[in-house]
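Counted the way our numbering counts, the sequence shown spans residues -2 to 227.
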Amino acid sequence: MVLINIGSSHNIIQPRLAKHLYLSTQPTPPFKVMVGNGAHILCQDYCPQVAISFQQQTFQVPLYLFLIEGVDVVLGLAWLRTLGPVQADFLIPSFTFNHHSMPITITGETLHNPTQASFHQGLSTLLQNFSQIFQQPHSLPPSQPHDHHIPLIASSNPVNIKPYRYPHSQKDTMTSLISPMLHDGIIKPNTSLFSSLVLLVKKKDGTWHFLLISRLLMRLLFMIISLFLQ
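Take a look at the structure:
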């Protein structure tokens, strides 16, 4: 994937792509370039002339080796300055320029609306028949004959630990998670001296999950419970 970026001062190529294409590299005086997240990346090598084709027209472009993410090649101002006058339409988006008296128009990829995933008919029927299982819970689970309690050592002293100061972003996340749970009755206010701290664990899908932690409290238990959040 090639990104044409007017905010980039240099032409860039991924080192892995240069290695895969067996491009000839040469050392260059080391210099640093600041990327979008504010970090500085060191460059020490470049490919002197790399052939890039647009509409049967070939450009010889020097590409510097930077370890970047998301794209394979970035064509920056160093290449755009060689094109001369350029007519751009950012609505499409596209831009047009002349190369050897021939007009060339480069059009970017259009955004595609995600399509709804299709399921096997048997799976769709199963999901419909048991739709109540996959709904968001708004109450406590049904009562069970077994009492899932954790016995503590008799006459244990309350856990005395310093309150943990959560970052503001995590505090907002916990508030957004706790408020609906309190409203639905899934949890209730607790002033117990044995209450544990809350650790937010970020999952792969971007959501947050609670994990109760207290090393001192775990010493008071008869058993050690391993909690694995999948």
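No residue lacks a Cβ here, since even glycine has one placed at the ideal position from N, Cα and C. The structure presented is a predicted model; accordingly, all values stated were derived computationally and were not measured.
My assumption, with CB atoms under 8 Å, is that glycine 67 sits in contact with serine 5. Please give the rounded CB distance. Looking up residue 67 in the sequence shown gives position 70. Looking up residue 5 in the sequence shown gives position 8. No, glycine 67 and serine 5 are not in contact; Cβ-Cβ is about 13 Å, not under 8 Å.
Please classify leucine 60 as buried or exposed, where buried requires at least 16 other C-beta atoms within 10 Å of its C-beta. Within the sequence shown, residue 60 is the residue found at index 63, counting from 1. Taking all protein chains in view, the Cβ of leucine 60 is crowded by 16 or more other Cβ atoms within 10 Å, so the residue is classified as buried.
So, for histidine 135: in the same chain, excluding its five sequence neighbours on each side, which residues have a beta-carbon less than 6 Å away from its beta-carbon? Walking along the sequence shown from the start, residue 135 turns up at place 138. Hits under 6 Å: Asp181.
Distance between proline 186 and threonine 170 (C-alpha atoms, nearest Å): Within the sequence shown, the letter at position 173 stands for residue 170. Within the sequence shown, the letter at position 189 stands for residue 186. Looking at the two C-alpha atoms, the distance is approximately 18 Å.
How many angstroms separate the CA atom of serine 21 from the CA atom of leucine 62? Here residue 21 is taken as the residue at index 24 of the sequence shown, counted from 1. Here residue 62 is taken as the residue at index 65 of the sequence shown, counted from 1. Cα-Cα distance, rounded: 11 Å.
Tell me whether the beta-carbon of leucine 14 lies closer than 7 Å to the beta-carbon of aspartate 86. In the sequence shown, counting from the first residue as 1, residue 14 sits at position 17. In the sequence shown, counting from the first residue as 1, residue 86 sits at position 89. Contact: no.
Taking DSSP as the reference, what is the three-state secondary structure of isoleucine 3? Position 6 of the sequence shown, counted from the start, is the residue given in the question as residue 3. Of the three classes helix, strand and coil, the one that applies to isoleucine 3 here is coil, per DSSP.
C-alpha distance - glutamine 23 paired with serine 115, whole-angstrom precision: What you label residue 23 is simply residue 26 of the sequence shown in a count that begins at 1. What you label residue 115 is simply residue 118 of the sequence shown in a count that begins at 1. Our two residues, glutamine 23 and serine 115, have alpha carbons roughly 50 Å apart in a direct line.
Asparagine 126 versus lysine 29: straight-line alpha-carbon distance, rounded: Residue 126 sits at position 129 when you count from the first residue of the sequence shown. Residue 29 sits at position 32 when you count from the first residue of the sequence shown. A direct Cα-Cα distance of roughly 59 Å separates asparagine 126 from lysine 29.
Burial state of tyrosine 19, where buried means 16 or more other Cβ atoms lie within 10 Å: Within the sequence shown, the letter at position 22 stands for residue 19. Counting other Cβ atoms within 10 Å of its Cβ, tyrosine 19 stays below 16 and is therefore classed as exposed.
Buried or exposed: which applies to phenylalanine 131, given that a residue is buried once 16 or more other Cβ atoms fall within 10 Å of its Cβ? For this step, residue 131 is matched to residue 134 along the sequence shown. The residue in question, phenylalanine 131, is exposed, as its Cβ has fewer than 16 Cβ neighbours within 10 Å.
Is phenylalanine 51 buried or exposed, if buried means 16 or more other CB atoms sit within 10 Å of its CB? By 1-based counting over the sequence shown, the position of residue 51 is 54. Exposed, by the Cβ-count rule.
Bounding residues of the alpha helix (DSSP H) (the contiguous stretch that carries serine 50): Numbered from 1 along the sequence shown, position 53 holds the residue referred to as residue 50. No alpha helix (DSSP H) contains serine 50, which is instead part of the beta strand (DSSP E) from 37 to 51.
With 16 other CB atoms within 10 Å as the buried threshold, where does asparagine 95 fall? Translated into positions along the sequence shown, residue 95 becomes position 98. Looking at its Cβ environment, which holds fewer than 16 other Cβ atoms inside 10 Å, asparagine 95 is exposed.
Could you check the C-alpha separation between valine 83 and leucine 77 for me, to the nearest Å? Locating residue 83 in the sequence shown gives position 86, where the first residue counts as 1. Locating residue 77 in the sequence shown gives position 80, where the first residue counts as 1. Going by C-alpha positions, valine 83 is about 9 Å away from leucine 77.
Isoleucine 253, buried or exposed, once every other Cβ within 10 Å from all chains shown has been counted against 16: Absent from the structure is residue 253, since the part of the chain shown begins at -2 and ends at 227.
Buried or exposed for isoleucine 3, going by 16 or more other Cβ atoms inside 10 Å? Position 6 of the sequence shown holds residue 3. Exposed, by the Cβ-count rule.
Helix, strand or coil, according to DSSP, for leucine 190 in the structure here? Numbered from its first residue, the sequence shown carries residue 190 at position 193. Residue confidence for leucine 190 is low, a pLDDT of 48 falling below 50, so the modelled location carries little weight and cannot support an answer.
Is it buried or exposed for asparagine 8, if we count other Cβ within 10 angstroms and need 16 for buried? Stepping through the sequence shown from its first residue, residue 8 is reached at position 11. Counting C-beta atoms within 10 angstroms of its own C-beta, asparagine 8 has 16 or more neighbours from the protein chains shown and is therefore classed as buried.
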